[in-house]
């Protein structure tokens, strides 16, 4: 029986992927084997020794202490692409809101209706000129980051009749195949900045991407550019952006990450983090997170981990050893040596690394003695070992 602690409300369709005969699921469980989380902050959470994995029902993992998890041998999963369509649709909405002051116009109409003696139908024709803005048709869209969301955004930009530039220094083959051939993938941001009427950000937030949009970047953009950021607030330097909004260099900024300073600035469309807030997206993320957690706990397979390599192997043999270790020489040799000395035949084995860490799965044709397991745990470089 596995204990799964839910740190937020997780969609029922996801929890259904964890059968009751094998999983106890709830928000008050102790000594959990796994955690399902959305936005709850875990940086100060005291992880029990029983914890093997955390599955985040969403893409970003800023609320999880990933480095501490890695050092403790806790696999952190996310759900890339599960909320991509929801975010894509909100990007399209944000481009329209950044172009034409729909929100301001709607608020103005309500004000007129609440003004004594004013007939709304009589004043709208005179007042509407304050809210006009350009069409997005035949404008140029720059998409920074061409992952699951960015690729969808780039493609829908083409469908809306826009010219589309894309930039991603880590563009994978799979991601490239998702892109329409008419998208102009450029090798530097300067080219994208110089050509784009609209720029939308789809980057993970980390030290290397912090303040990607700053005064220097804005200076390279078109006059009157419209910027959309539904990825992470820290990608944009607020002070530099506000100065650009006040000068008119940036015509509008649509963001899903408001704060008091931004809301008070001119020409800001501030949304309450609605990017993945659709029932379809929440269901998709919950199902994907639960499936990842279950496959890891039952089979040792790792898919969509942010801190350990993706390793998937069909089950064979009698037992499976799942070894989380540092990416250093001799670990594999020491594991197989210990098994050989005990007369255990290795039926199948796979190993992959990711940065400082590695993961090895070994299927054996017979049960491994507990003393041998303990000897393997003592091998230099091994962080944790689990037997399935």
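Residue numbers (our numbering): 1390 to 1777.
We put the beta carbon where it would ideally sit given N, CA and C, even for glycine.
Closest to residue i by CA distance: which of the options is it?
{"i": "residue 1487", "options": "1628, 1667, 1672, 1615", "result": "1615"}
{"i": "residue 1605", "options": "1587, 1628, 1474", "result": "1628"}
{"i": "residue 1454", "options": "1729, 1751, 1426", "result": "1426"}
{"i": "residue 1534", "options": "1477, 1495, 1766", "result": "1477"}
{"i": "residue 1570", "options": "1709, 1555, 1462", "result": "1555"}
{"i": "residue 1717", "options": "1696, 1704, 1710, 1741", "result": "1741"}
{"i": "residue 1685", "options": "1701, 1755, 1612, 1745", "result": "1701"}
{"i": "residue 1587", "options": "1417, 1747, 1485", "result": "1485"}
{"i": "residue 1673", "options": "1391, 1510, 1401", "result": "1401"}
{"i": "residue 1744", "options": "1695, 1490, 1603, 1434", "result": "1695"}
{"i": "residue 1631", "options": "1651, 1647, 1459, 1623", "result": "1651"}
{"i": "residue 1707", "options": "1776, 1665, 1646, 1514", "result": "1776"}
{"i": "residue 1491", "options": "1527, 1641, 1611", "result": "1641"}
{"i": "residue 1602", "options": "1633, 1431, 1445", "result": "1633"}
{"i": "residue 1546", "options": "1564, 1563, 1537, 1526", "result": "1526"}
{"i": "residue 1551", "options": "1538, 1536, 1573, 1557", "result": "1573"}
{"i": "residue 1654", "options": "1613, 1671, 1635", "result": "1635"}
{"i": "residue 1549", "options": "1467, 1482, 1424", "result": "1482"}
Pick helix, strand or coil for residue i, following the three-state DSSP scheme.
{"i": "residue 1484", "result": "helix"}
{"i": "residue 1738", "result": "strand"}
{"i": "residue 1552", "result": "strand"}
{"i": "residue 1399", "result": "coil"}
{"i": "residue 1587", "result": "strand"}
{"i": "residue 1649", "result": "helix"}
{"i": "residue 1573", "result": "strand"}
{"i": "residue 1615", "result": "strand"}
{"i": "residue 1592", "result": "coil"}
{"i": "residue 1466", "result": "strand"}
{"i": "residue 1719", "result": "coil"}
{"i": "residue 1391", "result": "strand"}
Once you ignore the five residues that flank residue i on each side, which residues in its own chain have a CB closer than 6 Å to its CB?
{"i": "residue 1768", "result": "1723"}
{"i": "residue 1737", "result": "1705, 1752"}
Going by the beta-carbon positions, is the gap between residue i and residue j smaller than 8 Å?
{"i": "residue 1531", "j": "residue 1584", "result": "yes"}
{"i": "residue 1589", "j": "residue 1542", "result": "yes"}
{"i": "residue 1414", "j": "residue 1393", "result": "yes"}
{"i": "residue 1607", "j": "residue 1639", "result": "yes"}
{"i": "residue 1447", "j": "residue 1472", "result": "yes"}
{"i": "residue 1397", "j": "residue 1428", "result": "yes"}
{"i": "residue 1592", "j": "residue 1560", "result": "no"}
{"i": "residue 1498", "j": "residue 1509", "result": "yes"}
{"i": "residue 1540", "j": "residue 1564", "result": "yes"}
{"i": "residue 1582", "j": "residue 1599", "result": "no"}
Please go through the same chain and pick out, in chain order, the residues whose beta-carbon is closer than 8 Å to the beta-carbon of residue i, but skip the five residues on each side of it.
{"i": "residue 1451", "result": "1594, 1621"}
{"i": "residue 1644", "result": "1617, 1618, 1619, 1622, 1625, 1651, 1657, 1658, 1659, 1660"}
{"i": "residue 1688", "result": "1704, 1709, 1777"}
{"i": "residue 1698", "result": "1691, 1741, 1742, 1743, 1746, 1747, 1748"}
Does the Cβ of residue i lie closer than 7 Å to at least one heavy atom of the ligand GDP?
{"i": "residue 1692", "result": "Ligands displayed in this structure: none; no statement on the ligand GDP is therefore possible."}
Leaving out five residues on either side along the sequence, give the residues of the same chain with a beta carbon under 7 Å from the beta carbon of residue i.
{"i": "residue 1407", "result": "1393, 1414, 1679, 1683"}
{"i": "residue 1462", "result": "1713, 1772, 1773"}
{"i": "residue 1721", "result": "1740, 1749"}
{"i": "residue 1513", "result": "1498"}
Is there contact between the region 1718 to 1734 and the region 1680 to 1690, where contact requires at least three CB pairs shorter than 8 Å?
no
Three or more beta-carbon pairs under 8 Å between the region 1459 to 1474 and the region 1660 to 1673, yes or no?
yes
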